[in-house]
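Its first residue numbered 1, the sequence shown is counted upward by one per residue in UniProt numbering. Every residue, glycine too, gets a C-beta built ideally from N, C-alpha and C. Treat the numbers as computed from the prediction; the structure is a model and nothing was measured.
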Amino acid sequence: MEVETTKNRKNVLVHYKINFKYVCLCTVSIPLGALIVCFISAYIFQYDDVHETHCKVFNIVPSISAVTGISPQKYIWRISIALHIGPRVIISAVYKAYQFNMINPLGDPTLQYKAQLWLNTAYCLNLIEAAALCGVTYISNRENYPVHEKLFITFMVSSLGHMIACIKGTQFAARTRQGMESVKSGLKYKKDLFVLSILCTIGLIFFFLQHRLFCFRMAFSMFALCEYVIAAANMAFHIAVISDFPTEDLMVAKLLEENSNDTKKLS
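Here it is as structure tokens:
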């Protein structure tokens, strides 16, 4: 008896293709490089401007808002964020889809629900974080401090929330499958960054209150130092996505036709 089977093939016209890992690296490198340029140039050429505070006490480390809120550094920073946000939103959507694909449709329904809930929460918080980053970038503390302060708080809360939601979602998604050895190392890395961010956030609040309420010497510098560590941990957390996409490409393509002419005969 012979059975004839048909295999469908799709012809695709690729307009543009780029390595996804390269996109992720460029996306995080743009604001990182801009921040380094802003810090060095402001520290060398505008030392008094970036260390000016309402307390008028001695400090040695300027805050991120200070070095990115003066001219011309603010233009460098704003351009870098403008280039950063678009690819970041795309990366967030791709990573959400990747994590959802980790969920075993035949696994425990309760675990599936929890994984989907946490991953959707992580995605929403990631978008809020990106929007808040735009806000603190384009509304500087020198132009409108109350709004800048609220946007900064929103950024901090959404950033930490995204971290914990991403970790929990990945854990539940992995538990829907047998074992989770493939994600353990990545989760440990993310957990360490989350703990570091929490500790530095506590330090940031503590030193900010010391500076704001009591004008302690060097309190603002310690606040700024915590701020830089948090920013570095945040970038490191987001760049961890490249370990999940070592060979994938991002492409713009068009489906031309579906070819169903290939047949095989099985005896």
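Assign E28 to buried or exposed, taking buried as 16 or more other Cβ atoms, counted over all protein chains shown, within 10 Å of its Cβ.
Along the sequence shown, one-based indexing puts residue 28 at 28. Correcting the residue identity first, residue 28 is Val in this sequence and not Glu. Per the 10 Å Cβ criterion, buried.
Do L250 and I18 have their C-beta atoms closer together than 7 Å?
If you number the sequence shown from 1, residue 250 lands on position 250. If you number the sequence shown from 1, residue 18 lands on position 18. Yes, Cβ-Cβ distance for L250 and I18 is below 7 Å.
Considering only the beta carbon of each residue, do A93 and G169 sit closer than 7 Å?
Position 93 of the sequence shown holds residue 93. Position 169 of the sequence shown holds residue 169. Contact: no.
Assign D262 to one of three DSSP states: helix, strand, or coil.
Stepping through the sequence shown from its first residue, residue 262 is reached at position 262. Below a pLDDT of 50, predicted positions are generally treated as unreliable, and D262, at 49, falls in that range; the measurement from the model is reported next regardless. Residue state, collapsed to three classes: strand.
By Cβ distance below 7 Å, which residues in the same chain neighbour M156 in space, the five residues on each side in sequence not counted?
Numbered from its first residue, the sequence shown carries residue 156 at position 156. Within the same chain, M156 has close Cβ partners T201.
With C-beta atoms as the reference, is A173 less than 7 Å away from M102?
Numbered from its first residue, the sequence shown carries residue 173 at position 173. Numbered from its first residue, the sequence shown carries residue 102 at position 102. Yes.
For L106, the three-state DSSP class (helix, strand or coil)
For this step, residue 106 is matched to residue 106 along the sequence shown. In the structure shown, L106 sits in coil (DSSP, three-state: anything other than H, G, I, E or B).
Given a cut-off of 7 Å, decide if A236 and L193 are closer than it, judged by their beta-carbon atoms.
As a first step, residue 193 is located in the sequence shown; it is residue number 193 there, counting from the start. As a first step, residue 236 is located in the sequence shown; it is residue number 236 there, counting from the start. It is a contact, given that the beta carbons lie within the stated cut-off.
Residues of its chain near I79, where Cβ-Cβ distance is below 8 Å and the 5 sequence neighbours each way are ignored
Here residue 79 refers to the residue found at position 79 when the sequence shown is read from its first residue. If we look at I79 and ignore the five residues flanking it on each side, its Cβ neighbours are A34.
Alpha carbons only, please: which of Q99, I70 and K254 is nearest the one belonging to I139?
The residue you call residue 139 lines up with position 139 of the sequence shown. Ranking the options by Cα distance to I139, first place goes to I70.
Note down, in chain order, each residue of its chain lying with its Cβ closer than 7 Å to the Cβ of L83, except the 5 sequence neighbours on either side.
Looking up residue 83 in the sequence shown gives position 83. Here the set comprises I30.
Measuring CB atoms only, is the segment 59 to 76 touching the segment 121 to 135, in the sense that at least three cross pairs come out at less than 8 Å?
no
Pair within 7 Å by beta-carbon distance, V23 and P87
Within the sequence shown, residue 23 is the residue found at index 23, counting from 1. Within the sequence shown, residue 87 is the residue found at index 87, counting from 1. Yes, the Cβ-Cβ distance between V23 and P87 is below 7 Å.
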